[in-house]
Structure formats: structure tokens, C-alpha cells
Amino acid sequence: MMRWLVRGAYGLVALIAFSTLAFAVFQPIKVLPRAGLGPGILLQDQEGRTLSSDTLRGKIVLYSFGFSRCETPCQGSQAVMQAVQRELQAGTGSVPVQLVTISFDPATDTPAVLRRMSAQAGADPAHWLFTTGEPRRLKYAIGGGFSVYYGANEEGSFDYDPAMVLIDGWGILRAEYRTPTPKIETVLRDVRLLVEEAQNSTGVARYAYEAAHLFLCYP
Amino acid sequence: MNNHTHLHIHPIERLWIIISFSMIGVFAVAVLTAGFAYGFQLPVPEDRIVDPNLVATPGATAFGEPGLRELSPGNMEARVLAQAWSFTPKEITIPVGTKVTFYVTTKDVQHGFHLEGSNINFMVLPGQISKLSTTFTTPGTYNFYCHEYCGVGHQTMYGQVIVTEK
Chain A
1 MMRWLVRGAY GLVALIAFST LAFAVFQPIK VLPRAGLGPG ILLQDQEGRT LSSDTLRGKI
61 VLYSFGFSRC ETPCQGSQAV MQAVQRELQA GTGSVPVQLV TISFDPATDT PAVLRRMSAQ
121 AGADPAHWLF TTGEPRRLKY AIGGGFSVYY GANEEGSFDY DPAMVLIDGW GILRAEYRTP
181 TPKIETVLRD VRLLVEEAQN STGVARYAYE AAHLFLCYP
Chain B
1001 MNNHTHLHIH PIERLWIIIS FSMIGVFAVA VLTAGFAYGF QLPVPEDRIV DPNLVATPGA
1061 TAFGEPGLRE LSPGNMEARV LAQAWSFTPK EITIPVGTKV TFYVTTKDVQ HGFHLEGSNI
1121 NFMVLPGQIS KLSTTFTTPG TYNFYCHEYC GVGHQTMYGQ VIVTEK
């Protein structure tokens, strides 16, 4: 009796160790890291509607930053937003994804200017919103919250470190792209991963996704 | 005399011995698989976040003009560029109680970055950006230095954070 118990215990331990190792090595599920908590934000979109981190809960949000007079440093992120928008228009199932461009120049970028930016970018207002906010709140949200630097310079324009940020439906920061030209494929892959995770991590599969986080199964 | 004693090990104790040794085995297999079968190395060229050859070019990255800047009130970032055998900037002045996030990278070989009186202590690898935050609560002068041997001038590679009264 005792012998069989001990053998059974060996077998169980070996099975658990082996399947854990197999999961960690082969990584059947990929997830994006939970990098930190996204900031609380309060914005107005091009129609003057209020948009906040609270109303965006439950939606995967891809943020880009800029201002209407911004040219070269903002083109890279605009191309990415357009590519993600094309994918969203093709449909992402039941998981809502929102694209939000935040202007940090509210003095110039009135709702009318934001509507013009939206039209110039070919934005579909169903997926992609152009927003701005009150300067002090913007500074705390973009600078303090997203750690994205911007500041007025002597030429009356802005110095700005190009960046895009991906936040999940729980308001958790999942990816940052701190380059003037983020790779479109990388951002699309990350958005797809978040959509898959939101769609599939229910019931028992939720524990598999938690295991993927535990074993750092990052793409 | 041919009377060898039979060594008795309790089954539970034997189980623990086996578990302990199997864990070592599992970790060894994991490390060897990662290193040889998957070829893990840090950092792989395609995962380089910045190009070490371009990182110091003004306009190409935020390290083109290293230094301190304010993200939001009470929240600053310091970009420090390491190279053999100096840090740029060499002196950083911050007001007491301000949260400062250090971003450090190198344009040549591997360096280290240790800032006294804080939790900041990391490797600095070409192509990667090391990042940690701290808040100094006491005014004073705190040294930072390279703690990974990087060549004959290694001992000259240091700088200072000066924490001032508000």
C-alpha cells in the first residue's frame, strides 16, 4: 500500500514538473506583459464629447500623441493607427478596440481642428477618435501617466518624444512603442494578442492565461 | 568480516531527496535548452530597442540630447548616455522629493550603473535601455558610477546626483 502511494506521488510530481516545463518551454499561449497601471485621463473628442479612462474600461485602447502642426514625428504613429483601423473595419469579434489620438496642444486644436485632423488622417469616427483636454490634466496624464515627454519650445511648437501606448480593458498598460516609426506588424500582433486574451480567457482557460503570465510567455 | 550494514532511508525522506535532485535536473535542462536549443542571448540584434551607433545622434533618439527634463510636476526623467569611459551628463541636479526615472543606455560596450542612496543598480547593454525610478528624500550629493569593468579607464567613469532643497 505504502509503496504504491509513494510511486503514485513520484508519478504525480514528475507529471506536474514535466507539464510545467513543457508549458514554459513551448509556450502554447502568448500574452503581453502587464507592465503597470494606465493613468486616469479625461479628454474631449472632436465632437466635444467627454472621454475618460473610466468610460474606456472594457475596451482595448491604442493611444497615439501629437498636435495639428506636427509633421514628421507624428507620421509614423499615424500610419500604424491607419493600419489598425483597417483591421478593425474588417471586424474583431466581440472585443471592442478603440483608437485614440491625443493632442497636447488644446490652445490650437479646438474640436473643429480635431475634426480636420481626423478627416486628413482618414479616420473612421466609429473606431478612431481625436481628442484633447485641459493642459494641466494632459500634462499629468501624458507626461506623468504615460511617461511621454512633450514641452513647448522657442519656435512656438512642441518638442515631443514619439510614442504609442496600448492599454487593455482593465486599464493596464500592456505595450509601449517609443520610436518615431513603430513597426505596423508588431502593433497589429499585439492588438490581436489582447483581443484573443480578452475573448478566450474565460472559465478554465483563464488559468492557462494566468500561467502564461506567470511563465512570462511573451511574444 | 563481510557484514555490510543495510542503509535504511525513510520513504518520505527518499521522496524529498528525489524531488530536490529532480528540481536541479529540471533547471539544468531548462537553462541548457534555452542557451543551446533556442540560442537565447542578451540582447539579440533584432530585439535591440535602439541602435547603439545612432543613439547619440541628436534627433535620432531621446539620448541625442541627454539630461534631465520634467514629465509632469514632481515627476522627472533623466536620460544618461554611457560610453567608455564617461557618463553624459556627469552632474544631475534634482529638487528633493521629486520622482526621477533614470533611462540609461550605452553607445559602445557593456557598462553598469549604480546610484548611491537609491535602489538604482543595473547593467547597461548596447541596444537596450535600462530604466528604474527613485525619489530622494534627503538633500545631498550622491555618486553614481560604472560597476562593470569596461576597460582601462573604468575607474574614471562616475558622476553625481545633487539633490537640492526645494
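Going down the list, the protein sequences come from chains A and B. To convert, note that position 83 of the first sequence is 83 in our numbering; the numbers rise steadily by one, no gaps. Counting from 1 along the second sequence, just add 1000 to a position and that's the residue number in our numbering. We put the CB at the ideal spot given by N, CA and C, even for glycine.
* **Status (buried if at least 16 other CB within 10 Å, exposed otherwise) for Ile142 of chain A** => Taking the first residue of the first sequence as position 1, residue 142 of chain A is located at position 142. Buried is the call here.
* Tell me whether the beta-carbon of Val113 of chain A lies closer than 8 Å to the beta-carbon of Ser68 of chain A. => Numbered from 1 along the first sequence, position 113 holds the residue referred to as residue 113 of chain A. Numbered from 1 along the first sequence, position 68 holds the residue referred to as residue 68 of chain A. Yes. Within cutoff.
* Closer than 7 Å by beta-carbon distance: list the chain A residues that pair up with Pro1011 of chain B, in chain order. => Working through the second sequence from its first residue, we reach residue 1011 of chain B at position 11. Residues of chain A passing the Cβ test: Met2, Val6.
* How should Leu221 of chain A be labelled, buried or exposed, when 16 other C-beta atoms within 10 angstroms of its C-beta is the threshold for buried? -> In this structure chain A extends from 1 to 219, so residue 221 of chain A is not present and cannot be described.
* Asked: Exposed or buried, what is Gln120 of chain A when buried is set at 16 or more other beta-carbons lying within 10 Å of its beta-carbon?
  -> The residue labelled residue 120 of chain A in the question sits at position 120 within the first sequence. Answer is exposed; the Cβ neighbour count stays below 16.
* To do: Examine chain A for any beta-carbon lying closer than 8 Å to the beta-carbon of Ser1130 of chain B, and answer yes or no.
  => As a first step, residue 1130 of chain B must be located in the second sequence, where it is residue number 130. No, its Cβ sits nowhere closer than 8 Å to a Cβ of chain A.
* **When B:Val1029, B:Thr1105, B:Ser1072 are compared against Leu1132 of chain B, the one with the closest alpha-carbon** => Residue numbering aside, residue 1132 of chain B sits at position 132 when the second sequence is read from its first letter. Here the closest residue by C-alpha is B:Thr1105.
* Asked: What does Pro1058 of chain B pair with, by DSSP beta-bridge criteria?
  -> Locating residue 1058 of chain B in the second sequence gives position 58, where the first residue counts as 1. Bridge partners of Pro1058 of chain B: B:Thr1061.
* Determine, using beta carbons only, whether Phe215 of chain A and Ala24 of chain A come nearer to each other than 8 Å. => Your numbering for residue 215 of chain A matches position 215 in the first sequence. Your numbering for residue 24 of chain A matches position 24 in the first sequence. The Cβ-Cβ distance between Phe215 of chain A and Ala24 of chain A falls below 8 Å.
* **Residue closest to Val1026 of chain B, alpha-carbon to alpha-carbon, out of A:Leu37, A:Leu21, A:Pro111, A:Ala212** => The residue labelled residue 1026 of chain B in the question sits at position 26 within the second sequence. The shortest Cα separation from Val1026 of chain B among A:Leu37, A:Leu21, A:Pro111, A:Ala212 belongs to A:Leu21.
* Asked: Roughly how many angstroms separate the alpha carbons of Val1161 of chain B and Gly8 of chain A, rounded to a whole number?
  -> Counted from its first residue, the second sequence places residue 1161 of chain B at position 161. Counted from its first residue, the first sequence places residue 8 of chain A at position 8. Computed Cα separation, rounded: 60 Å.
* Which of helix, strand or coil DSSP assigns to Pro162 of chain A -> Along the first sequence, one-based indexing puts residue 162 of chain A at 162. Pro162 of chain A falls in the coil class under three-state DSSP.
* Asked: Taking just the CA atoms, how far does Pro96 of chain A sit from Glu87 of chain A?
  -> For the purposes of this step, residue 87 of chain A is identified with residue 87 of the first sequence, where counting begins at 1. For the purposes of this step, residue 96 of chain A is identified with residue 96 of the first sequence, where counting begins at 1. Cα to Cα, the separation comes out at about 12 Å.
* Going by beta carbon distance, what residues of the same chain come within less than 7 Å of Phe1040 of chain B, once the five residues before and after it are set aside? -> As a position in the second sequence, residue 1040 of chain B is number 40, starting the count at 1. Ala1034, listed in sequence order.
* To do: Assuming Leu166 of chain A contacts Ala175 of chain A (C-beta within less than 8 Å), just tell me the rounded distance between them.
  => Against the first sequence, residue 166 of chain A aligns to sequence position 166. Against the first sequence, residue 175 of chain A aligns to sequence position 175. Between Ala175 of chain A and Leu166 of chain A the Cβ distance is about 4 Å, and since that is below 8 Å, they are a contact.
* Closer than 8 Å by C-beta to Gly133 of chain A: which residues in its own chain qualify, once you throw out the five before and the five after it? Chain order, please. => Stepping through the first sequence from its first residue, residue 133 of chain A is reached at position 133. Closer than 8 Å at Cβ, skipping near neighbours: Ile41, Leu42, Leu43, Gln44, Ile102, Pro106, Ala141.
* To do: Taking Thr110 of chain A as part of the alpha helix (DSSP H), name the residues at either end of that continuous run.
  => Position 110 of the first sequence, counted from the first residue, corresponds to residue 110 of chain A. Note, Thr110 of chain A: premise wrong, no alpha helix (DSSP H); not H, not E.
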